[in-house]
Amino acid sequence: MIHSIDFLRDISTLSVLVKLIVSVLCGGLIGIEREKKRRPAGFRTHILICLGATMTTLTSEFLLLGMNLYTDIGRLGAQVIAGIGFIGAGTIIVTKRRQVKGLTTAAGLWTCAIIGLTIGAGYYEAAVIATVVILLAEIFFSKFEYWILVNSRNLNIYVEYTDNDSLDAVILNLKINKVVILDMEITKSGGNSCAILQLQLPQKMAQSKVLTSISSTDGIISVEEL
Numbered sequence: 018m019i020h021s022i023d024f025l026r027d028i029s030t031l032s033v034l035v036k037l038i039v040s041v042l043c044g045g046l047i048g049i050e051r052e053k054k055r056r057p058a059g060f061r062t063h064i065l066i067c068l069g070a071t072m073t074t075l076t077s078e079f080l081l082l083g084m085n086l087y088t089d090i091g092r093l094g095a096q097v098i099a100g101i102g103f104i105g106a107g108t109i110i111v112t113k114r115r116q117v118k119g120l121t122t123a124a125g126l127w128t129c130a131i132i133g134l135t136i137g138a139g140y141y142e143a144a145v146i147a148t149v150v151i152l153l154a155e156i157f158f159s160k161f162e163y164w165i166l167v168n169s170r171n172l173n174i175y176v177e178y179t180d181n182d183s184l185d186a187v188i189l190n191l192k193i194n195k196v197v198i199l200d201m202e203i204t205k206s207g208g209n210s211c212a213i214l215q216l217q218l219p220q221k222m223a224q225s226k227v228l229t230s231i232s233s234t235d236g237i238i239s240v241e242e243l
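Below, the structure is given as structure tokens:
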């Protein structure tokens with residue numbers, strides 16, 4: 018810990034001001050990245066959550082140290098960690114194609130709340146380091162995650178087609194190219210039939226080649242990777 022800023026860990030007007038400013042900065046930095054990617058929870062949402070969590074810790078400390086009331090200093094913080102799940106759940110959606118979106122944003126909101134609790138407790142070092150690590154995970158690690166997905170042998174696709182003959186043609190085409198169908202689920206979307214296929218590609222076969230081959234089949238309306 019940096020002992021030169023120990024005076025900012027006490028309960029005082031200056032320390033409260035600094036904690037609130039740091040929470041705005043940490044929450045705002047994480048929120049900017051989400052805002053740029055047009056996620057449901059963006060700049061202001063992350064700031065408010067981080068600020069609220071900081072105020073929760075400050076209130077707990079004030080009740081115990083400022084007003085000398087007997088209370089569990091960690092109780093309010095525990096409620097924040099549990100309660101943030103309701104907000105996070107609002108950012109998670111399941112599309113009509115059974116695709117789950119918003120998990121990263123929900124996890125970021127939960128972590129942002131914990132950063133706020135940390136700032137309220139005066140542990141600035143951990144809060145700043147955590148903010149930097151989160152930004153690294155969301156900005157740079159996403160590129161690494163994309164590289165893993167591109168080079169993965171497993172591929173989940175959503176296929177919308179007009180009739181069963183079109184789906185049979187797709188299945189035959191996959192078998193000719195030695196693509197293994199691990200699982201297949203047939204559903205309905207509007208007036209068209211849909212299928213969700215879990216595939217295992219042979220070595221050195223590009224995912225784009227499989228998608229192009231399927232989309233060029235007669236009767237195929239659309240093909241998307243899940």
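Numbered per the numbering used here, the sequence shown spans residues 18 to 243. Beta carbons are placed, not taken as given, at the ideal position from N, Cα and C, and that holds for glycine.
For residue i, the first and last residue of its enclosing beta strand (DSSP E)
{"i": "LEU216", "result": "209–217"}
{"i": "TYR178", "result": "171–178"}
{"i": "ILE109", "result": "ILE109 -> no beta strand (DSSP E), and no H or E assigned at all."}
{"i": "ILE238", "result": "237–242"}
Helix, strand or coil at residue i according to DSSP, with G and I counted as helix
{"i": "LYS192", "result": "helix"}
{"i": "THR204", "result": "strand"}
{"i": "LYS118", "result": "strand"}
{"i": "SER233", "result": "coil"}
{"i": "ILE90", "result": "coil"}
CB-CB length for residue i against residue j, believed under 8 Å
{"i": "LYS195", "j": "PRO219", "result": "5 Å"}
{"i": "ALA186", "j": "MET201", "result": "Between MET201 and ALA186 the Cβ distance is about 14 Å, and since that is not below 8 Å, they are no contact."}
{"i": "LEU68", "j": "GLY44", "result": "7 Å"}
{"i": "ILE19", "j": "GLU142", "result": "6 Å"}
Beta-bridge pairing of residue i - partner residues as DSSP gives them
{"i": "VAL197", "result": "GLN217"}
Residue i: first and last residue of the uninterrupted alpha helix (DSSP H) it sits in
{"i": "ILE156", "result": "141–156"}
{"i": "ARG51", "result": "30–53"}
{"i": "ALA70", "result": "60–78"}
{"i": "LEU82", "result": "Per DSSP, LEU82 belongs to no alpha helix (DSSP H) and is neither H nor E."}
{"i": "LEU25", "result": "From DSSP, LEU25 is part of no alpha helix (DSSP H); its letter is neither H nor E."}
Inspect the CB distances between the stretch 152–169 and the stretch 86–101 and report whether three or more fall short of 8 Å.
no
Within 8 Å, do at least three Cβ pairs link the stretch 102–110 to the stretch 68–85?
no
Report yes or no: do the stretch 55–64 and the stretch 19–28 share at least 3 C-beta pairs separated by less than 8 Å?
no
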